[in-house]
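Colleague: Under our numbering, the first residue of the sequence shown carries the number -4, and numbering increases by one thereafter. I am attaching a structure below and will ask some questions about it afterwards.
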Amino acid sequence: MALTALIDQLLPSHDAAVLFKLQSEVGDNQTAMGRRRLWRVGLFSALAIAIHNFPEGLATFLGALNNPRVGVSIAVAIGIHNIPEGLAVSAPIYYATGSRRKAFWWSFLSGVAEPLGGLVGYFLFQSFPNQLAFGLVFAGVAGVMLYISFDELLPAAKEYGEQQHAIWSLIAGMAVMAISLVLLA
């Protein structure tokens, strides 16, 4: 979570001074400010999900190395939650730019980090899997997604849609992940 918080601090934000400057540039055009905010949400989501996907690929490899059945259950759970991850990247970018192509490619690029993580896991951990590495990788994966969910996605859902739907979707996603890990492990 700390790494994601640091990245969040390094990305330019839309604080009051920036919004005032944007407003003076575009007049009272709230649409332009909204699109810039959505663009930032999309890019931050893509970056955070790429950072999240890399250790997720490591976790999948470590799980499969430790126990092939666990690896399959992790792969199924990750496959299920990659759908909303892709939407979390592509939807704001699409609405910010109007380009399906940009939305697709940013989602694609954020997802490519996952197989790269698996490849790195293969080279780093194939000969010496250990429980400490497994625990650290899973903690990192969870921390990144928790941070982005609570810091960016839920506030954006409140601003642009139904916050209650987002919260219940978050809870449902956690339940599906937990149930799939219990049933498939």
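Don't be surprised by glycine CBs; every beta carbon is placed ideally from N, CA and C.
Any chance you could list the alpha helix (DSSP H) runs of at least 4 consecutive residues sitting entirely within the stretch 109 to 175, in chain order?
Modeller: Here the runs fully enclosed are 126 to 143, 149 to 155.
Colleague: When every heavy atom of the ligand SAM is checked, does at least one fall within less than 7 angstroms of the C-beta of residue 171?
Modeller: Among the components of this structure there are no ligands whatsoever, and the ligand SAM is therefore not found.
Colleague: Just to confirm before moving on: does the CB-CB distance between residue 98 and residue 44 stay below 8 angstroms?
Modeller: One-based indexing of the sequence shown puts residue 98 at position 103. One-based indexing of the sequence shown puts residue 44 at position 49. Cβ distance not < 8 angstroms, so residue 98 and residue 44 don't count as in contact.
Colleague: For residue 50, does the count of other Cβ atoms within 10 angstroms reach 16, so buried, or fall short, so exposed?
Modeller: Working through the sequence shown from its first residue, we reach residue 50 at position 55. With 16 or more other Cβ atoms within 10 Å, it is buried.
Colleague: Take residue 101 and list the residues in its own chain whose beta-carbon comes closer than 6 angstroms to its own, dropping the five residues that flank it on each side.
Modeller: Start at 1 with the first residue of the sequence shown, and residue 101 comes out as number 106. Closer than 6 angstroms at the Cβ level, and outside the excluded window around residue 101, lie 41, 84, 88.
Colleague: Can you give the Cα-Cα distance for residue 114 and residue 52, rounded to whole angstroms?
Modeller: Position 119 of the sequence shown, counted from the start, is the residue given in the question as residue 114. Position 57 of the sequence shown, counted from the start, is the residue given in the question as residue 52. C-alpha separation (whole angstroms): 8 angstroms.
Colleague: Leaving out five residues on either side along the sequence, give the residues of the same chain with a beta carbon under 7 angstroms from the beta carbon of residue 47.
Modeller: Reading the sequence shown from its first residue, position 52 is the one you call residue 47. Here the set comprises 136, 139, 140.
Colleague: Taking the straight line between their C-alpha atoms, what separation do you get for residue 133 and residue 54?
Modeller: On the sequence shown, position 138 is the one that residue 133 refers to. On the sequence shown, position 59 is the one that residue 54 refers to. Taking the straight line from one Cα to the other gives about 6 angstroms.
Colleague: With distances taken Cα to Cα, identify the nearest neighbour of residue 120 among 80, 57, -3, 86.
Modeller: The residue you call residue 120 lines up with position 125 of the sequence shown. Cα-wise, what sits closest to residue 120 is 57.
Colleague: With 16 other CB atoms within 10 Å as the buried threshold, where does residue 125 fall?
Modeller: The sequence position of residue 125 within the sequence shown is 130, counting from 1. Its Cβ having fewer than 16 others within 10 Å, residue 125 is exposed.
Colleague: If we ignore side chains and look at the alpha-carbon of each, how far apart do residue 168 and residue 156 end up?
Modeller: Position 173 of the sequence shown, counted from the start, is the residue given in the question as residue 168. Position 161 of the sequence shown, counted from the start, is the residue given in the question as residue 156. Taking the straight line from one Cα to the other gives about 18 angstroms.
Colleague: Reducing DSSP to helix, strand and coil, say where residue 28 ends up.
Modeller: Start at 1 with the first residue of the sequence shown, and residue 28 comes out as number 33. Residue state, collapsed to three classes: helix.
Colleague: Provide the residue span of the alpha helix (DSSP H) that contains residue 77, from first to last.
Modeller: Sequence index remark: in the sequence shown, residue 77 carries index 82 (1-based). From DSSP, the alpha helix (DSSP H) with residue 77 extends over 63 to 92.
Colleague: Look at the alpha carbon of residue 152 and the alpha carbon of residue 158, and state the distance between them as a whole number of angstroms.
Modeller: Along the sequence shown, one-based indexing puts residue 152 at 157. Along the sequence shown, one-based indexing puts residue 158 at 163. Roughly 5 angstroms separates the two Cα atoms.
Colleague: Taking just the CA atoms, how far does residue 147 sit from residue 36?
Modeller: Taking the first residue of the sequence shown as 1, we reach residue 36 at position 41. Taking the first residue of the sequence shown as 1, we reach residue 147 at position 152. Looking at the two C-alpha atoms, the distance is approximately 7 angstroms.
Colleague: For residue 114 and chain D, any beta-carbon pair shorter than 8 angstroms?
Modeller: No chain D is present in this structure, which holds just one protein chain.
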